[in-house]
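Below is one structure, written out as C-alpha cells; comments come after it.
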Amino acid sequence: MGYQDVYDSWTSDPEGFWMEQAQAIDWDQPPSKALFDRGDHLYEWFADGMVNTCWNAVDRHVEAGRGEQTAIIYDSPITHTKRWITYVELRNRVATLAGALRAKGVEKGDRVVIYMPMIPEALEAMLAAARLGAIHSVVFGGFASHELAVRIDDAKPKAIIAASCGMEPGRVVHYKPLLDGAIEAAAHKPDFCVIFQREQEVAELTPGRDVNWHGFQYGVEPADCVPVEGNHPAYILYTSGTTGQPKGVLRPTGGHLVALNWSMKNLYNVDPGDVFWAASDVGWVVGHSYICYAPLIHGNTTIVFEGKPVGTPDAGTFWRVISEHKVRSFFTAPTAFRAVRREDPNGDFIGKYDLSCLRAVYLAGERADPDTIQWAQDKLNVPVIDHWWQTETGWCIAGNPLGIEELPTKLGSPAKPMPGYDIRILDEAGHEVPAGTLGAIAIKLPLPPGTLPGLWNAEARFRKSYLEHFPGYYETGDAGMIDEDGYVYIMARTDDVINVAGHRLSTGGMEEVLASHPDVAECAVIGVSDQLKGQLPLGFLCLSSGVNRPHEEIVKECVKLVREQIGPVAAFKLACVVDRLPKTRSGKILRATMVKIADSEEFKTPATIDDPAILDEIRTALQGLGYAKA
1160 MGYQDVYDSW
1170 TSDPEGFWME
1180 QAQAIDWDQP
1190 PSKALFDRGD
1200 HLYEWFADGM
1210 VNTCWNAVDR
1220 HVEAGRGEQT
1230 AIIYDSPITH
1240 TKRWITYVEL
1250 RNRVATLAGA
1260 LRAKGVEKGD
1270 RVVIYMPMIP
1280 EALEAMLAAA
1290 RLGAIHSVVF
1300 GGFASHELAV
1310 RIDDAKPKAI
1320 IAASCGMEPG
1330 RVVHYKPLLD
1340 GAIEAAAHKP
1350 DFCVIFQREQ
1360 EVAELTPGRD
1370 VNWHGFQYGV
1380 EPADCVPVEG
1390 NHPAYILYTS
1400 GTTGQPKGVL
1410 RPTGGHLVAL
1420 NWSMKNLYNV
1430 DPGDVFWAAS
1440 DVGWVVGHSY
1450 ICYAPLIHGN
1460 TTIVFEGKPV
1470 GTPDAGTFWR
1480 VISEHKVRSF
1490 FTAPTAFRAV
1500 RREDPNGDFI
1510 GKYDLSCLRA
1520 VYLAGERADP
1530 DTIQWAQDKL
1540 NVPVIDHWWQ
1550 TETGWCIAGN
1560 PLGIEELPTK
1570 LGSPAKPMPG
1580 YDIRILDEAG
1590 HEVPAGTLGA
1600 IAIKLPLPPG
1610 TLPGLWNAEA
1620 RFRKSYLEHF
1630 PGYYETGDAG
1640 MIDEDGYVYI
1650 MARTDDVINV
1660 AGHRLSTGGM
1670 EEVLASHPDV
1680 AECAVIGVSD
1690 QLKGQLPLGF
1700 LCLSSGVNRP
1710 HEEIVKECVK
1720 LVREQIGPVA
1730 AFKLACVVDR
1740 LPKTRSGKIL
1750 RATMVKIADS
1760 EEFKTPATID
1770 DPAILDEIRT
1780 ALQGLGYAKA
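Just so we're aligned: the sequence shown equals residues 1160 to 1789 in the working numbering.
Here you go:
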C-alpha cells in the first residue's frame, strides 16, 4: 500500500483504521470502539479501554524476551559521560522508583512535576509516574522560579522530582535554588520533593520536604503497572499562551500509545531494535513523544543527549553521535542545522565520520527553509524530511511517510497530511480558499488519536483558543496553503502574516528568499507598523562564519533578492545584520516579541527565552533603523 492507499483507508473507515492500529498495543481491557463523541465538538479515543503506558514502553519488551536490548543510550559531551541501559535494567529502575513514590502516597490521578536536565533519570521519572497512573508535568530544567511556580499552582502536584543541577557549556545551572524559590512563591505546596544529586553539584536538602533520589528508594517494594482508562491523562505539558499564562495541554493515554506507535514505522521508518535519535529536550513535546515514549513503545533504542549542536565540543558533535551509536533516523530542529551550517558551512566535520548507518533526517519545530534543507541533503546524501506538528497534536500533522512510501520532495513543504488529519485552508470567514491561496490552516474535527482532547482545568479557554473561530475545526494558528497536488505549505504563524497596503504576505516566504543569499546563515522577518502601508517587512540577518564583507552591501543584495523573487508588492527595504536572533530554548524565533520591541510596545520577556540579553541587541539594531523608540 502506498501513501494514498493508507490515507484513503483512513478516510473511508476512520473507526476501522484506528481500531486496527490499536491492536499493536497491549490492553488490559481492549476498547469497545475507537471514537467517543462527547458532543459540542469534544471527542475522545479508546475511552473505555484499560491500559498502562509504562507496560507498553518497557515491561512488554522484557516479557517478549528482548530485555537485554539497549533501551536508552545516554551521551553527554558536557560531562564526558556515556551510559547504556537495557530494557530489563530500565524496567527494574522504573518499578523501584514507582514503588518509592507509591510508598509516599502517589496514586493514580495525582500530579507529579518533573524538573530535570537531559539525563536518563528524567525518562525514568516520567515512566515511573505513568506506571502508577499518575499524571506527570515536565517543566524545562532551569526554568525561572516564577514560571515554575505558575505551573505548580496550575497542576497542584503531590510530588516534585528534580535534579540538583543542569549543565550548560561552561556553566552549572543551579536547579535547587530555583525550585526552592518556586515552591516559596507558589500557593500550592507539594507533599515532598525527590532530588537527584548530580556529581557536578550536590544540593542541600530541605528537612521534612526533600528526599534523596537513591535514599528514598532503598528497600521499597517495586510497583506493578496500574491500568488506566484510555482517556486518562498521561501528562500535562505547558505551552506558552498568547496571554503569557501557560496552557496545560492534556495528552490522553490510549490515543497517545496508538498514534506514537504507528508513527515510528510509518513516518520515521524504523524497526524495533533500531537506534532512533531526537536531539531535543524532555521539556518540549518532541522530547516527550520522540525521546521518551514513541521509541520505547515501539521497541527502539533512544538516545538521551546532553549537549548542543555546536560548542560541545564543535560543530561535528551530531555526526559523532550518529556514527558512534549507529543512528538510523535522526530528528532535530532546523535551527540546530542552521547553527551547525553557520560554524561549518562546507560540512568539513561531516567527512570525518562514517554516517553509512543514517537513512534519513527529520526536521520540525520551526519552518525549515529550503536553503537549509538543500545544504543538509547535499552534505549528508540522505532524505531530509521537513514535517509539521504542534505541542497540541503530539505527533505529525503533515509529513513524508518514508515507512509507507517516499513521496517526491517539494522544498518548502512538509508534504502531505497524515491519516487522521483532514487539513483545510480557510479565509477569515471560515470558507475554504482555492489551491495555492494563503489562508488559515485548520483541521476538520475530530482530531486523530494522541492529540489534545482539552486543556488542564480550562475547557472555556480550550474552546476559545482552538474551536470558536472556525466551528467544526481545530484552529492551528498557522497560516499557509495547499497546492494542486495536495502538498501543504506552512508559511508563518497566523500572527506573522503581514498586511502591506492591503496585500496579505507571508514573512516565511521572505525568509526563504533571504536564506538563499550565500552569506546569510539564518534570518527572520517581522512586520513593523507603518502609517502609510499599515505594515512593512523588516529583516534580521545572521551571517555565516568567516564573512567579512561590508554589511551595507549584503543588506542591499538581500533587498534586491526579495524584490526580484517576491516583487515590489512586498515593499521590502529594511534589513539589518545582527549576531544572533532571540529564540526559545527549543529554537523557535521570538518574532512576536521582536515586533513589540520595534513598535515600542510594552512586552513581557517570554519565559522560554534562551538568553534575555539578546533582546537589548535587537532593540539597538532596530533603533539604528529608526524603530524601537525609547
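Every residue gets a Cβ at the ideal spot worked out from N, C-alpha and C, and that includes glycine.
Identify every residue that forms a DSSP beta bridge with residue i.
| i | result |
| --- | --- |
| GLN1694 | SER1688 |
| GLN1188 | MET1209 |
| LEU1409 | ILE1395 |
| TYR1632 | LYS1603 |
| ASP1234 | LYS1241, PHE1464 |
| HIS1347 | Per DSSP, none; premise fails for HIS1347. |
| THR1229 | THR1245 |
| ASP1196 | TYR1202 |
Which class does residue i belong to by DSSP, given the choice of helix, strand or coil?
| i | result |
| --- | --- |
| ASN1814 | Because the chain is modelled from 1160 through 1789, residue 1814 falls outside the range shown and cannot be assessed. |
| ALA1259 | helix |
| ASP1637 | strand |
| ARG1777 | Residue identity differs from the one stated: residue 1777 is Ile in this sequence, not Arg. Note: ILE1777 maps to helix in three-state DSSP. |
| MET1753 | helix |
| ARG1501 | helix |
| ILE1354 | strand |
| TYR1725 | Sequence check: residue 1725 is Ile here, not Tyr. Three-state DSSP puts ILE1725 in coil, outside helix and strand. |
| GLU1643 | coil |
| ALA1321 | strand |
| ILE1278 | coil |
| LYS1763 | coil |
| MET1650 | strand |
| GLY1510 | helix |
| LYS1569 | coil |
| ALA1588 | coil |
| ARG1487 | strand |
| ASP1545 | strand |
| GLY1340 | helix |
| VAL1434 | strand |
State the Cα-Cα distance for the pair residue i and residue j, rounded to the nearest angstrom.
| i | j | result |
| --- | --- | --- |
| HIS1200 | GLY1224 | 43 Å |
| ILE1582 | MET1650 | 15 Å |
| LYS1511 | GLN1188 | 51 Å |
| GLY1783 | GLU1670 | 21 Å |
| VAL1370 | PRO1336 | 16 Å |
| VAL1247 | SER1171 | 41 Å |
| THR1568 | CYS1555 | 17 Å |
| ASP1678 | LEU1695 | 24 Å |
| PHE1762 | LEU1626 | 27 Å |
| PHE1496 | GLU1712 | 26 Å |
| ALA1293 | HIS1220 | 22 Å |
| LEU1673 | TYR1202 | 42 Å |
| GLU1681 | THR1460 | 33 Å |
| VAL1463 | GLY1446 | 9 Å |
| THR1494 | LEU1606 | 28 Å |
| VAL1385 | ASP1350 | 22 Å |
| GLY1470 | PHE1508 | 13 Å |
Would you mind sorting residue i into buried or exposed? The rule is 16 or more other CB atoms within 10 Å of its CB.
| i | result |
| --- | --- |
| LYS1406 | buried |
| ASP1530 | buried |
| HIS1305 | exposed |
| THR1212 | buried |
| TYR1377 | exposed |
| VAL1272 | buried |
| VAL1217 | buried |
| PRO1276 | buried |
| GLN1404 | exposed |
| LYS1538 | buried |
| ASN1540 | exposed |
| LYS1715 | exposed |
| ALA1308 | buried |
| HIS1457 | buried |
Three-pair Cβ contact test at 8 Å for the stretch 1516–1528 versus the stretch 1744–1752: Yes, since at least three Cβ pairs between the stretch 1516–1528 and the stretch 1744–1752 fall closer than 8 Å, the two stretches touch.
Stretch-stretch touch, CB-based, cutoff 8 Å, three pairs: the stretch 1550–1560 with the stretch 1508–1517: The stretch 1550–1560 makes no contact with the stretch 1508–1517; the number of CB pairs closer than 8 Å stays below 3.
Cβ pair count under 8 Å reaching 3, the stretch 1231–1239 against the stretch 1258–1269: Because the criterion of three Cβ pairs below 8 Å is not met, the stretch 1231–1239 and the stretch 1258–1269 do not touch.
Three-pair Cβ contact test at 8 Å for the stretch 1323–1342 versus the stretch 1420–1432: Three or more beta-carbon pairs separated by less than 8 Å are not found between the stretch 1323–1342 and the stretch 1420–1432, which leaves the two stretches without contact.
Sufficient close CB pairs (3 or more, under 8 Å) joining the stretch 1472–1484 to the stretch 1245–1258: Flag = no, the stretch 1472–1484 and the stretch 1245–1258 do not touch.
Touch test, the stretch 1430–1439 against the stretch 1346–1360, Cβ-Cβ under 8 Å, three pairs minimum: Cβ pair count under 8 Å is below three, so no.
Cβ contact (3+ pairs, closer than 8 Å) linking the stretch 1617–1635 and the stretch 1571–1578: The count of Cβ pairs closer than 8 Å, one atom from the stretch 1617–1635 and one from the stretch 1571–1578, stays below three, leaving the stretches out of contact.
At least three beta-carbon pairs within less than 8 Å, the stretch 1655–1668 to the stretch 1612–1627: These segments do not touch.
Cβ pair count under 8 Å reaching 3, the stretch 1634–1653 against the stretch 1582–1602: Contact holds between the stretch 1634–1653 and the stretch 1582–1602, because three or more Cβ pairs, one in each stretch, are under 8 Å apart.
Any 3 or more C-beta pairs closer than 8 Å across the stretch 1684–1701 and the stretch 1753–1771: The stretch 1684–1701, when compared against the stretch 1753–1771, does touch it at the 8 Å Cβ threshold.
The stretch 1734–1742 touching the stretch 1762–1776, judged by at least three CB pairs closer than 8 Å: Under the 8 Å Cβ criterion, the stretch 1734–1742 counts as touching the stretch 1762–1776, having at least three qualifying pairs.
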